[in-house]
Amino acid sequence: VMTGDTALSPVVQEMIYIAVSTANACSYCVHSHTAAARAKGMTPEMHAELLAIIGLAAQTNHLVTAMQLPVDDVFLVE
11 VMTGDTALSP VVQEMIYIAV STANACSYCV HSHTAAARAK GMTPEMHAEL LAIIGLAAQT
71 NHLVTAMQLP VDDVFLVE
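Counting from 11, one number per residue, gives the positions in the sequence shown under the numbering used here.
Below is the structure:
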């Protein structure tokens, strides 16, 4: 998945790894994938935006979970 012909660019793949590693609180993984993403072209601006998105998603997830909101029918996949 991380090599060869894929739809996602190498830097995007590493950024996804950063997001998942942050959610899983894996410091080693966050640091190693951040270094890899930088080596593959992630700019400081991209990193800052990624961290902002991760933070917003985490806060929104906690809020929706705490409020016990049901999933809207339009979002359900059959």
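Every residue, glycine too, gets a C-beta built ideally from N, C-alpha and C.
Near residue i, what residues of its chain come up, given a Cβ to Cβ distance below 7 Å and the 5 sequence neighbours on each side ignored?
i   : result
T32 : V40, I64
G51 : V21
If you check the beta carbons only, do residue i and residue j fall under 9 Å apart?
i   : j   : result
L18 : I26 : yes
L57 : A47 : Leu is not the amino acid found at residue 57; the sequence shown has His there. Result yes, Cβ atoms of H57 and A47 sit closer than 9 Å.
Whole angstroms is fine: what's the gap from residue i's alpha carbon to residue j's?
i   : j   : result
E24 : T44 : 7 Å
E59 : V87 : 29 Å
T75 : S37 : 25 Å
L61 : Q69 : 12 Å
P80 : T13 : 38 Å
H72 : D83 : 20 Å
A49 : V30 : 19 Å
Among residues of its own chain, excluding the 5 on either side of residue i, which ones have a beta-carbon nearer than 6 Å to its beta-carbon?
i   : result
V11 : none
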